[in-house]
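I have placed the structure first, in the form of structure tokens, so that the comments after it can refer back to it.
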Amino acid sequence: MAIEDDVLVIGGGLAGVTAALAAAEQSGRVRLVTYKQSTLRHASGLIDVLGYTPDGAGPLVDPFDALEALPEGHPYERVGVEAVREALAFFDEIAGNAYSGSHTDANALVPTHGGTVKPTARYPVSTAAGLASDPQETLLVGFETLPDFEAPLAAAHLEAAGAPFSARGVTLSFPGIARDDAKVTRYAHLLDHDESVATKAGEIGAREALAAAVEPHLENESRVGFPAILGDDRADEVRADLVAALGADVFEIPMGPPSLPGMRLEDLLYRALEDAGVRVTSGVPVIEYETHADDGDRIDHVVVDRNGTEIPYRADQYVLATGGLVGKGVRSERERVFEPIFNCHVSHATDRYDWFVEDVFGDQPYARFGLAPDRDLRPLGADGEPEFSNLRAAGAVLGGYDFAAEKSGAGVSLATGYVAGTRAGEEGER
Amino acid sequence: MSDAEQPTDDHVPGDDEFEPIQVFPEAEEMDLRPGADNCYKCSTCDTNCPVAEVDDEFPGPKFQGPEQWRLKRQDDQDIDDSVMKCSNCMRCDSACPSEVPLSQMHNTARGEYVEENMSKFSREYVRNRILSNYRRLAPLASAFPRTANFVMGLSVTKWMGEKTLGITSEREFPEFATETFREWWAKRGGNATSKTRAREARVARDAQVENPDKRIAYFHGCYSNYNTPEVAKALVRVYEHFGYEIMVPDQSCSGTPMFANGMLDDARRAAETNVSELRDALEDGADIVASCSSCSMSLRQEYPELFDFEGTEDVASNTWDAVEYLRVHEDLEAELEGTSVEDEEFAYHAPCHSRNQGLDGQTIEVVDAIDGIEAHDVGDSCSGISGTYGWKEEHYETSMKIGEEMFEHMDDAPAETGLTECPTCSMQMEHGTGYEIKHTLEVLEAALVGTDRGADGRRHQEAG
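The listed protein sequences correspond, in order, to chains A and B.
Number 61 in our numbering belongs to position 76 of the first sequence; there are no gaps in the numbering.
Number 414 in our numbering belongs to position 350 of the second sequence; there are no gaps in the numbering.
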């Protein structure tokens, strides 16, 4: 016996979850298997579609203008522009009120913790009041115990980058946090639960204490930006309390990993999986596969490793969404770059000195390593033929694009996840 | 374990050609090295640590593992005492995107801390030794269960426990059953009876093509033997229903509480007994099945990480969670389809040690097939008790703060009964909400076998 489903999605990031949800729309029984926690926890929580062209032009005002012109083999070119729009609409449906940006095709400019601005298509509501296109005067607040965000420096960068408002930064001590390296979850927990903390004014709730610490520094600014630590489960409530206490708009600046907006997005997506009846198996890796006895091009089942015990999982259709080099869906050794589960073909130079270029910010070949799919997202072998008839791939495991340079990671995951999942769901009826 | 040996956690699919490079050839002793170099400090583990989330003093898993190992390369550097604040929930393991074997490093560090930095005469050491060796005291208590339950329930006992040992007086000691599972098993006729019943069940199921040697060795663990034999009995009845012959080999504690307290010598002794007994069972053609998620975690992951008795790997790779085994070897869901029980709603909490084994969705999936049962997942928070952790006076408050989210979600769920596979999680669930808590196997038993147990007698009712 194997554990049986119609569609099996391997990988629990944005692409995998989108694929599973899209497949579930087609009314099959869908399972998602994920090994380690997804790299969503590293993600900013912003949904970029395309911020810069592969040639480096940008920031782009309208990503859709540029999508048509992408080179052959780019994941967006494979699925087509219409699918990108459908995938975004699909995401908007899932995200509901938690995300903004769906009213326009244009990219929004969101300030980052380094004081640059990032072009993005959808952004968490917590960042909405901070958009760089909005001319409100801005106070940025950093904390002594949170060295990842240097508020005065970020404010200076924003002004230097030509933001249409004046920005000022202050560094405060966070009420109730003493550790130099307190975890971001600690800050969020304090605010979520409004725990009492000791202040000069006595023991008061953490939200009130935070507002009281910021208040004296507020001059004529009408909005205040904090690093993204303002609560986890009750982030909306925390922000609303701060807005009321400060009499100013409050927004969050996306931070590097580990990132609370990434975790909130993860929670939102996994709740959607639960609501859609997708079965989730996490904490165990898929290590290999078996093909059908009488059809070598068709995957019969995959094998999940549970600490040495090998457990078969069978489905009719499979989606591979295991991530790229960071998520370890694509791996490298000294002599080769490979996809570890199905050993799908990954095109790369035989000499590893050709995998990179000297200029760190140059056009790095390794950034584009990944699987090359057909227009149905079936990974292609070296001969240009699909590797398997019932395997599709989505997200960063695909090659042909440089998501870091293009700012296209989330958009590609959504679009390819949506297409791969929909197709798998359509074909995956038992 | 050699210094350069590949850590067991680093399961890189497709890397069979791994060639170890001997970096520090002088190191023969196990140390904190394995996998430390894989850590690129993304800190994802820290965001998963339930202790760091509520305790500003705790530096988190990244520090306890890879960072501490680097500090340890200096000769005069002791293990930091904060390692005793780690609750061994092992969540950091599945959090790490880079396959750093964090819990293995924590277990090793804790062992070294207790060995070298903790006085063997300190109250803390004595207390931890007592808590982690619950298995040694339990037989005595269960020989006189009513007396033990009475004495343990006295406020003076609890007061003494807190004052002299640092065991929190906030908790109720779990009651000892008046008949242990093993006593019941022996009285019922042991393996021979099970063999007969399994054969009858196979005939009744008309399973002519099935393997007549369907056999499992049950690792019941301490808690279902001494405290909740109804869980162990449920396993027996469910497995016999499917035609399995059950063996109950001699066994010691799984070692989980010992790892969590840095008592690696005690854990080693227990593991040696278990590995040798279970290895014999494997030779008799049985697979090993456990009903407690921490016991299975221990046999499957911690043993091969920390010990290398003959057969450790075999035991690990042939040990199963009781429900998962049936899902893979039988068509459990088809069997449950169409069964019905009296309407009951459950608030289900997945224990960390189920979560780490990829089993967190399983109970909900399986009980969904039973008519009348509705199980609501109460989310992914840790219960906070983590075995002996929440029993310590100094950790009680932390433990309850961690559990708060679970209590709230249990209260919100439209259910008044809890459901989980971990004995200490169930203590915490009961402590925080006052709900009665059941094990998944008890639900399966009700659906597949019914609750009228005939010759086996009704569920034991505690007199005291």
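All C-beta atoms, glycine included, are put in the ideal place defined by N, C-alpha and C.
Quick check on the burial criterion: 16 or more other C-beta atoms within 10 angstroms. Buried or exposed for residue i?
i: LEU508 (chain B); result: buried
i: SER196 (chain B); result: buried
i: PRO415 (chain B); result: buried
i: LYS278 (chain B); result: buried
i: PRO120 (chain A); result: exposed
i: PHE88 (chain B); result: Here the model assigns PHE88 (chain B) a pLDDT of 47, short of 50, so the residue's position is not dependable and the matter cannot be decided.
i: HIS88 (chain A); result: exposed
i: PRO201 (chain A); result: exposed
i: PRO132 (chain A); result: exposed
i: GLU406 (chain B); result: exposed
i: LYS456 (chain B); result: buried
i: LYS168 (chain A); result: buried
i: GLU304 (chain B); result: buried
i: GLU81 (chain B); result: Because GLU81 (chain B) carries a pLDDT of 49, less than 50, the predicted location of this residue cannot be relied on, and the following value inherits that uncertainty. So GLU81 (chain B) ends up on the exposed side.
i: GLU388 (chain B); result: buried
i: ASN325 (chain B); result: buried
In terms of residue numbering, what span does the alpha helix (DSSP H) encompassing residue i cover?
i: HIS88 (chain A); result: Unbroken run through HIS88 (chain A): none, as it is neither H nor E.
i: TYR298 (chain A); result: Not the alpha helix (DSSP H): TYR298 (chain A) falls in the beta strand (DSSP E), residues 294 to 299.
i: ILE428 (chain B); result: 426 to 431
i: ASP344 (chain B); result: 328 to 347
i: TYR367 (chain B); result: 367 to 370
i: PHE429 (chain A); result: This structure does not reach residue 429 (chain A), given that chain A is present from -14 up to 415, and the question cannot be answered.
i: TYR499 (chain B); result: TYR499 (chain B) -> no alpha helix (DSSP H), and no H or E assigned at all.
i: SER450 (chain B); result: SER450 (chain B) -> no alpha helix (DSSP H), and no H or E assigned at all.
i: TRP249 (chain B); result: 245 to 251
i: TRP133 (chain B); result: 132 to 136
i: VAL302 (chain B); result: 293 to 305
i: LEU396 (chain B); result: 396 to 400
i: SER463 (chain B); result: 460 to 476
Just to confirm my understanding: we take residue i, look at its own chain, exclude 5 residues before and 5 after, and list those with CB closer than 6 Å. What are they?
i: ASN338 (chain B); result: GLN315 and SER316
i: ARG107 (chain A); result: ILE32, TYR84 and GLY86
i: ASP385 (chain B); result: SER360 and LEU423
i: LEU227 (chain A); result: ALA196 and VAL235
i: GLY68 (chain A); result: Checking the sequence shown, residue 68 (chain A) turns out to be Ala, not Gly. Cβ neighbours of ALA68 (chain A) beyond the five flanking positions: ALA400 and VAL404.
i: SER267 (chain A); result: THR19
i: GLU500 (chain B); result: THR481
i: PRO44 (chain A); result: GLY36 and PRO104
Looking only at its own chain, which residues have a Cβ that is under 8 Å from the Cβ of residue i, when we skip the five neighbours before and after it?
i: ALA345 (chain B); result: ALA281, MET311, PRO313 and ILE352
i: ARG192 (chain A); result: LEU176, ASP179, VAL223, ASP226, LEU227 and ALA230
i: GLU129 (chain A); result: THR156, LEU157, SER158 and PHE159
i: GLU144 (chain A); result: SER151 and ALA152
In chain order, what residues of the same chain have a beta carbon less than 7 Å from the beta carbon of residue i, not counting five sequence neighbours either side?
i: ALA477 (chain B); result: ALA411, HIS440 and VAL442
i: ALA139 (chain A); result: HIS98, GLY99, GLY100, LEU125 and GLY154
i: ASN382 (chain B); result: LEU346, ASP351 and ILE352
i: PRO321 (chain B); result: LEU195, SER196, TYR198, GLY451 and THR452
DSSP puts residue i in a beta bridge; with which residues?
i: ARG153 (chain A); result: A:LEU124
i: PHE283 (chain B); result: B:ALA354
i: MET311 (chain B); result: B:ALA281
i: VAL(-6) (chain A); result: A:LEU17 and A:VAL304
i: PRO109 (chain A); result: A:TYR84
i: ARG264 (chain A); result: A:ARG16
i: ALA439 (chain B); result: B:PHE410
i: TYR255 (chain A); result: Bridge partners of TYR255 (chain A): none, in fact.
i: PRO137 (chain A); result: Paired residues: none, contrary to the question.
i: GLY482 (chain B); result: B:ALA411 and B:ILE501
i: TYR274 (chain A); result: A:VAL287
i: PRO321 (chain B); result: Answer is none; PRO321 (chain B) lacks a bridge partner.
i: VAL322 (chain A); result: A:SER317
i: ILE32 (chain A); result: A:ARG107
i: GLY183 (chain A); result: Rather than Gly, the amino acid found at residue 183 (chain A) in this sequence is Ala. DSSP, once it has assigned bridges, lists A:GLU188 as partnering ALA183 (chain A).
i: ASP282 (chain A); result: In the DSSP output, where bridge partners are listed per residue, ASP282 (chain A) has none listed.
The beta strand (DSSP E) spanning residue i covers which residue range?
i: PHE410 (chain B); result: 404 to 412
i: LEU175 (chain A); result: Where LEU175 (chain A) is concerned, there is no enclosing beta strand (DSSP E), although the alpha helix (DSSP H) it sits in stretches over 169 to 177.
i: ALA378 (chain A); result: 376 to 378
| request: Would you mind listing the alpha helix (DSSP H) stretches within the stretch 144 to 224 of chain B that are 4+ residues and don't spill past its ends, in chain order? | output: 155 to 159, 166 to 181, 187 to 196, 198 to 207, 209 to 217 and 219 to 224
| Which full runs of the beta strand (DSSP E) of 3+ residues lie inside the stretch 186 to 210 of chain A, going along the chain? | 187 to 190
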